[in-house]
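**Q** Residue numbers (the working numbering), protein chains in the order written: chain A, 1 to 185; chain B, 1001 to 1181.
Below: one structure in structure tokens.
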């Protein structure tokens, strides 16, 4: 975007009729103002055209949790790509419980879970997410939108079944869906 | 079309359906926002928990009056029926319900009631499960909801008390095992 703005100034100068040409000091000032405006625009958190992509998601299967007195944790490495100037992004998670609560269900029985996010891959702990509340200030190291080149993954998604929830859960097979939405910053 | 070809197509279709069912996660596409989903699954096995037990002590017991001690306990069961069974064993000979002081022994009896606050219940035989019980606990240790769900009753008959040696302490251990149903 910065390159486009500067190019327009240069092009305009070439195409401007002789009678409308600015004196050299004025031209320098105008160019400076345009550069400042361009740089100012580029320092905003994310431009409207910035894009992101979340890939490499896979299902998380805990299987039969035999020890209900300790937390059960599953983590997976995912790819986040952001075209923003800072490669920044935020992530919002929601579950299938009421109001987007992180809940698994087995018929009418419920099993709450926690979700954590880590800005780097290979992690088993991270920042706890609140349903529908963005976790901001994340940065991606991805150089390709599906991580086909460069780092294979850039972040960790961690799901935790707390011992307190497990030990009071009714027996059964629980399932649920976690939805993740990322946006550029 | 040959039967082999039909079988191959059918097998391919089955494999495709299996593969599709095995992974429900979805990746996001490139855009102003990108949305992905992950399916999470977990299985919780049948579990029970027995808590709230306290020691039983009979002190200076009148031998002409039967001794009885009842206590409220918490049994948690996570099965769909919240059912459980209970098995009691003593530490006497062949797991008999007996108290002892050296070679001196005295038998006692054990009863169980599926509700709390009871002074009598179903007599237990050592090593034999009392089945068909149901818990009302909504929490593994009854820290919320019902504070107790069952009654454990220990008794020494007057006849047995009269066999005991005075000023002598008899002790024993009663072990209770609950299991989900």
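From the three backbone atoms N, C-alpha and C, an ideal C-beta is built for every residue, glycine too.
A quick note: this is a predicted structure, and the numbers were derived from the prediction, not measured.
Around the Cβ of residue 1153 of chain B, are there at least 16 other Cβ atoms within 10 angstroms (buried) or fewer (exposed)?
**A** The residue in question, residue 1153 of chain B, is buried, as its Cβ has 16 or more Cβ neighbours within 10 Å.
**Q** Using beta-carbon positions only, say whether residue 93 of chain A and residue 153 of chain A come within less than 8 angstroms of one another.
**A** Contact: no.
**Q** Tell me which same chain residues have a C-beta within less than 8 angstroms of the C-beta of residue 1084 of chain B, skipping the five on either side of it?
**A** If we look at residue 1084 of chain B and ignore the five residues flanking it on each side, its Cβ neighbours are 1048, 1075, 1077, 1133, 1134, 1135, 1178, 1179, 1180, 1181.
**Q** Could you say if the segment 170-179 of chain A and the segment 80-90 of chain A meet the contact criterion of at least three C-beta pairs nearer than 8 angstroms?
**A** Contact between the segment 170-179 of chain A and the segment 80-90 of chain A is absent, because fewer than three Cβ pairs lie under 8 angstroms.
**Q** Take the Cβ of residue 63 of chain A as the centre, count every other Cβ of all protein chains shown within 10 Å, and call the residue buried at 16 or more, exposed below.
**A** Burial call: exposed.
**Q** Please name the residue in B:1081, B:1109, B:1103, B:1104 whose C-alpha comes closest to that of residue 1090 of chain B.
**A** That would be B:1109, whose Cα lies nearest to the Cα of residue 1090 of chain B.
**Q** Sort out for me which residues DSSP pairs residue 1043 of chain B with in a bridge.
**A** Note: residue 1043 of chain B sits in a beta bridge opposite A:64, A:173.
**Q** Between the Cα of residue 1197 of chain B and the Cα atoms of B:1176, B:1099, B:1101, which residue gives the shortest distance?
**A** Lying before the first or after the last residue shown, residue 1197 of chain B is absent from chain B, which here runs from 1001 to 1181.
**Q** Taking all protein chains shown into account, decide if residue 1042 of chain B is buried (16 or more other Cβ within 10 angstroms of its Cβ) or exposed.
**A** By the neighbour-count rule (16 or more Cβ atoms within 10 Å), residue 1042 of chain B is buried.
**Q** Residues of chain A with CB under 8 angstroms from residue 1030 of chain B, in chain order?
**A** Residues of chain A passing the Cβ test: 51, 52, 53, 81, 145.
**Q** I need the boundaries of the beta strand (DSSP E) containing residue 1101 of chain B, first residue and last residue.
**A** Element bounds for residue 1101 of chain B: 1098-1101.
**Q** Can you give the Cα-Cα distance for residue 1169 of chain B and residue 127 of chain A, rounded to whole angstroms?
**A** Taking the straight line from one Cα to the other gives about 58 angstroms.
**Q** How about residue 54 of chain A and residue 74 of chain A: do their beta carbons lie closer than 8 angstroms?
**A** No.
**Q** Using DSSP bridges, identify the partner residues of residue 1105 of chain B.
**A** Paired residue(s): B:1100.
**Q** Can you check whether the CB of residue 1138 of chain B is closer than 8 angstroms to the CB of residue 1145 of chain B?
**A** Contact flag set, yes.
**Q** Of the residues A:155, A:133, A:160, A:140, which one's Cα is nearest the Cα of residue 82 of chain A?
**A** Nearest C-alpha to residue 82 of chain A: A:140.
**Q** By how many angstroms is the C-alpha of residue 72 of chain A removed from the C-alpha of residue 183 of chain A?
**A** Straight-line Cα distance between these residues: approximately 29 angstroms.
**Q** Could you tell me which uninterrupted alpha helix (DSSP H) segments, each at least 4 residues in length, are contained entirely in the segment 95-135 of chain A, listed from first to last along the chain?
**A** List check, alpha helix (DSSP H) in window: nothing returned.
**Q** Give the residues of chain B in contact with residue 114 of chain A, contact being defined as C-beta atoms less than 8 angstroms apart.
**A** Going along chain B, no residue has its Cβ under 8 angstroms from residue 114 of chain A, so there is no contact; the nearest lies around 11 angstroms.
**Q** Would you list the residues sitting across from residue 1181 of chain B in a DSSP beta bridge?
**A** Answer is none; residue 1181 of chain B lacks a bridge partner.
**Q** Alpha carbon to alpha carbon, what distance is there between residue 170 of chain A and residue 162 of chain A?
**A** Distance between the alpha carbons of residue 162 of chain A and residue 170 of chain A: 14 angstroms.
**Q** Checking 8 angstroms against the spacing of the C-beta atoms, do residue 1151 of chain B and residue 1172 of chain B come in under that value?
**A** Against a cut-off of 8 angstroms, the Cβ pair of residue 1172 of chain B and residue 1151 of chain B comes out as no contact.
**Q** Quick check: is the beta carbon of residue 161 of chain A nearer than 8 angstroms to any beta carbon in chain B?
**A** True, the Cβ-Cβ gap to chain B drops below 8 angstroms.
**Q** Whose C-beta lies closer than 8 angstroms to the C-beta of residue 1101 of chain B among residues of the same chain, with five residues either side of it excluded?
**A** Excluding sequence neighbours, residue 1101 of chain B sits near 1165, 1168, 1169, 1170, 1171.
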